[in-house]
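A.B. asks:
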Amino acid sequence: MNPTPKMQAAFEAFDKRIKAWQPYPGARQLCATCDEPTERCEEDGIYTEDGEGPLCVECWHKTPEWILENAEVRHGAKDAELD
Ligand SMILES: [Zn+2]
């Protein structure tokens, strides 16, 4: 049975809605901390070394892990200036 033009239009509208609902490739992720979309997909999701996540960039920047890492970088640059 061939789909009628009306059925075809309904399928296309449905397909469009599904694609609009999932603008990112792969499953859409929500941040484990604030429930906001992480703007990332499964392949490049952000997880801490303890396996916490996925996190959005904002919450990732609030983790002790990230702060420590970036504090070290800043500290290193400061030391370099003093030398
Ligand atoms: Zn978050």
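Residue 48 in our numbering sits at position 49 of the sequence shown; the count goes up by one each step and never skips. Every residue gets a Cβ at the ideal spot worked out from N, C-alpha and C, and that includes glycine.
In this structure, does DSSP put proline 2 in helix, strand or coil?
C.D. replies: Residue numbering aside, residue 2 sits at position 3 when the sequence shown is read from its first letter. DSSP places proline 2 in coil when its eight states are reduced to three.
A.B. asks: Just the C-alpha distance for aspartate 88 and proline 36, rounded to the nearest angstrom, thanks.
C.D. replies: Nothing about residue 88 can be reported from this structure: the residues present for the chain run from 0 to 82 only.
A.B. asks: Going by the C-beta, is leucine 67 closer than 7 Å to any heavy atom of ligand 1?
C.D. replies: Residue numbering aside, residue 67 sits at position 68 when the sequence shown is read from its first letter. Leucine 67: no, Cβ never under 7 Å from ligand 1.
A.B. asks: Is the closest heavy atom of ligand 1 to the C-beta of cysteine 58 under 7 Å?
C.D. replies: For this step, residue 58 is matched to residue 59 along the sequence shown. True, at least one ligand heavy atom lies under 7 Å from that Cβ.
A.B. asks: For proline 53 and alanine 31, which I take to be in contact (beta-carbon distance under 8 Å), what is that distance rounded to the nearest angstrom?
C.D. replies: Sequence index remark: in the sequence shown, residue 53 carries index 54 (1-based). Sequence index remark: in the sequence shown, residue 31 carries index 32 (1-based). That belief holds up - the Cβ atoms of proline 53 and alanine 31 are roughly 6 Å apart, short of 8 Å.
A.B. asks: Suppose you measure from the CA of glutamate 41 to the CA of arginine 27; what does that come to, to the nearest Å?
C.D. replies: Reading the sequence shown from its first residue, position 42 is the one you call residue 41. Reading the sequence shown from its first residue, position 28 is the one you call residue 27. Taking the straight line joining both Cα atoms gives about 8 Å.
A.B. asks: Between which two residues does the alpha helix (DSSP H) holding proline 41 run?
C.D. replies: Counting from 1 along the sequence shown, the entry for residue 41 is found at position 42. The amino acid occupying residue 41 in the given sequence is glutamate; proline does not appear at that position. Neither: glutamate 41 is in no alpha helix (DSSP H) and is coded neither H nor E.
A.B. asks: Between which residues of its own chain and cysteine 33 is the CB-CB distance below 8 Å, once the five residues before and five after are set aside?
C.D. replies: Position 34 of the sequence shown holds residue 33. Here the set comprises Cys55, Glu57, Cys58.
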